[in-house]
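Below: one structure, written as structure tokens.
There are 2 protein chains.
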Amino acid sequence: MTQTNRRITLARRPVGDVSADCFATDEVEIPTPGPGEALAEVGWLSIDPTIRGWMAMDTYLPAIEIGAEIRSGGLATVIESNNDDLPVGATVFGMTGWQQYTIMDSSNQVVPDGIDPTAALSVFGVTGMTAYFGLLEVGRPVEGETVLVSGAAGATGSVVGQIAKIKGCRVVGIAGSDEKCAWLIDELGFDAAINYKTEDVAAAIRTACPDGVDVFFDNVGGDILEAAIANIALRGRIVLCGAIAQYNDEVPRPGPANLSLLISMRGRMEGFIILDFLDRADQAIGDLATWVMNGDIKFAVDVVDGLDNAPTALDRLFTGANTGKVMVKL
Amino acid sequence: MTQTNRRITLARRPVGDVSADCFATDEVEIPTPGPGEALAEVGWLSIDPTIRGWMAMDTYLPAIEIGAEIRSGGLATVIESNNDDLPVGATVFGMTGWQQYTIMDSSNQVVPDGIDPTAALSVFGVTGMTAYFGLLEVGRPVEGETVLVSGAAGATGSVVGQIAKIKGCRVVGIAGSDEKCAWLIDELGFDAAINYKTEDVAAAIRTACPDGVDVFFDNVGGDILEAAIANIALRGRIVLCGAIAQYNDEVPRPGPANLSLLISMRGRMEGFIILDFLDRADQAIGDLATWVMNGDIKFAVDVVDGLDNAPTALDRLFTGANTGKVMVKL
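Sequences listed follow chains A and B, in order. Start counting the first sequence at 1; every next residue gets the next number (the working numbering). Start counting the second sequence at 331; every next residue gets the next number (the working numbering).
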């Protein structure tokens, strides 16, 4: 145990790209757990696109305050406890923040023995639940339908596609390199994949989805959303999960010019936030565990070492450097 | 009865504004009703924004063919019948087209005695049903919620707002003149109205809808859609009914730049076509009749005289000259 708690804090709000000067570091006193609380040492950080939103402004959560540690999910090991549910040595999931030590309480979940931290933070974590509830509750695919996923080689998209395959759908992924596309098809069982950096996306969707797109799970926004709308099937559903292509825009870019297709095709576009489904986490984790155990779902992780490299890890999401879930190992 | 059937036909597909040279006229033989059919003389035409779409391209119905009469709903009086359900003298609703004579069959509906043609073509016609099902089935307002309507002084919008009032909602309309705004408030009972030609629409919505917009019924699209999204309430619903602001665009204009607000607000945007609800027409007409009888719904009509003026009547929709339902009396 160190003498102080090193933190990466918010120095200024990002405008456009998240640059290094958005962050600062400091060392503060290690917090003392109160009644019912535990002190835990952070071991892993979950790096998610939504962090950029929290840095920039109030969204579905208040913006991170200037000078506060960067808000982030993560795993921490209990080292001192005033709570029998959080015994010393337990690995606990919570909003750890980008820092070495954090306080946990009964609102946090202990990771069961036998679950690897990388799995706990990805397929069994918020990422897996986002894929599960976003696809099944918002997108509602039916066997035989065509499901299109953007950001398909990312943490959420890769799980979305595999769940859609389990549900008997034709699955097409959009990703940013030929290597990612090959991985989607060869390793994850996608039916087709589109490299948005080298292909005409709207035309490629038309070829890969000859009956149109019944469900589009969108992690990206921007031009890819427009290309998907251009190919929407009758009564198609668009799940707005993220818009990573746009988060770094200094000026909001115009939206899709073809929204009126949603009228003639009776399309539905719906946004969701995983927080609304967390009371049903057990259901998702039960199904996901079954699918991971029987080999129907594979997950990939992109691990960056060291707390001080958390800003670099976040950047990997926006450059598309990652395949699978980005996380930081402290 | 004339010796020939005068028609207004499609001369060329519109690009941008619908100009006079999109139309031609001709006189063809009066059709002869076959077994089960009736010959009817067209008395009224329903003038709807969707006609422009039918002229331009395949949409939810195939495009009108060049040289064919303009497709249009209307009312016609039976003058010769081989169908006991369509007696001579009956007024029948159907896709009459812009012409003097049409053939009806058992798929067409006889207008009951006592219903004025202007009511049959507006509040009890496709317009009223569009308002009814679009608001209640797609928008699903709950008592106490705020409902915002664009094109509020138009045929559909004016009925939407009044149904929303009946359902106990706060209702705000967007229209194109101070006179229309005054009519919405003073005559139809809207709580507030916004003149989009003179006001900052996003700011005006914020003022008129302090708790945000729970349901936005959009007949207009374009900038007004973006302004509504900027004010959407948590779990708000946007009903895409029409996009009259865009139908005449030569180049599709960009869509709203703030779609990612649908994620953080868990918003839903959904298009619909009234054809999908016509098997439940009796339910809508029953409710609408009750509300018209007890004075809860008022309707306005904008009548243009003469078949040859049908193109002028269509133009009134796009210039916003009309208050209420535009129709042509032959």
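Glycine included, every Cβ here is placed at the ideal spot set by N, Cα and C.
Under 7 Å from the C-beta of residue i: neighbouring residues of chain B
i: threonine 127 of chain A; result: Neighbours of threonine 127 of chain A on chain B: none; closest Cβ ~16 Å, over 7 Å.
i: threonine 59 of chain A; result: Ser594
i: glutamine 246 of chain A; result: Ser590
Listed by chain order, chain B residues near residue i by CB distance under 8 Å
i: leucine 262 of chain A; result: Leu570, Met599, Glu600 and Gly601
i: proline 252 of chain A; result: Ala587 and Asn588
i: glycine 332 of chain A; result: The shown model of chain A, from 1 to 330, leaves out residue 332 of chain A, and the question about it has no answer.
Where residue i sits in the DSSP three-state scheme
i: alanine 538 of chain B; result: helix
i: asparagine 639 of chain B; result: helix
i: tyrosine 132 of chain A; result: helix
i: phenylalanine 318 of chain A; result: helix
i: arginine 342 of chain B; result: coil
i: leucine 184 of chain A; result: helix
i: glutamate 69 of chain A; result: strand
i: glycine 491 of chain B; result: helix
i: glutamate 226 of chain A; result: helix
i: aspartate 218 of chain A; result: strand
i: glutamate 80 of chain A; result: strand
i: isoleucine 394 of chain B; result: coil
i: valine 531 of chain B; result: helix
Chain-ordered neighbours of residue i on chain A, where CB pairs are closer than 9 Å
i: tyrosine 462 of chain B; result: Those do not exist, as tyrosine 462 of chain B stays about 17 Å from chain A at its closest Cβ, beyond 9 Å.
i: alanine 573 of chain B; result: Leu259, Ser260 and Ile263
Where residue i meets chain A, residues with beta-carbon distance less than 7 Å
i: aspartate 606 of chain B; result: Arg266
Residue i CB to nearest heavy atom of the ligand COA below 7 Å
i: alanine 153 of chain A; result: Here there are no bound small molecules, and the ligand COA is not part of this structure.
What are the uninterrupted segments assigned as beta strand (DSSP E) that are 3 or more residues long and contained completely in the segment 236 to 302 of chain A, given in chain order?
268 to 271
Taking beta-carbon pairs under 7 Å, can you tell me which members of the segment 181 to 203 of chain A lie near chain B?
none
Inside the segment 96 to 158 of chain A only - beta strand (DSSP E) runs reaching at least 3 residues
101 to 104 and 146 to 150
Can you list, in chain order, the stretches of the alpha helix (DSSP H) that have 4 or more residues and sit fully within the segment 21 to 60 of chain A?
50 to 56
For the segment 83 to 100 of chain A against the segment 55 to 62 of chain A, are there 3 or more C-beta pairs whose distance is under 8 Å?
no
Determine, using beta-carbon pairs with one atom in the segment 256 to 265 of chain A and one in the segment 156 to 173 of chain A, whether at least three such pairs fall under 8 Å.
no
The segment 3 to 17 of chain A in contact with the segment 284 to 303 of chain A per 3-pair CB rule at 8 Å
no
For the segment 101 to 114 of chain A and the segment 172 to 188 of chain A, state whether three or more C-beta atom pairs, one from each stretch, are separated by less than 8 Å.
no
So, do the segment 39 to 48 of chain A and the segment 9 to 28 of chain A have three or more beta carbon pairs nearer to each other than 8 Å?
no
Do the segment 208 to 225 of chain A and the segment 139 to 155 of chain A meet, that is, are 3 or more Cβ pairs less than 8 Å apart?
yes
On the three-pair Cβ rule with 8 Å, is the segment 524 to 541 of chain B touching the segment 496 to 507 of chain B?
yes
Any chance the segment 643 to 657 of chain B sits against the segment 373 to 385 of chain B, with 3 or more Cβ pairs inside 8 Å?
yes
At least 3 beta-carbon pairs within less than 8 Å: the segment 122 to 134 of chain A vs the segment 272 to 286 of chain A:
yes
Touching by the beta-carbon criterion (3+ pairs, under 8 Å), the segment 208 to 216 of chain A and the segment 233 to 247 of chain A:
yes
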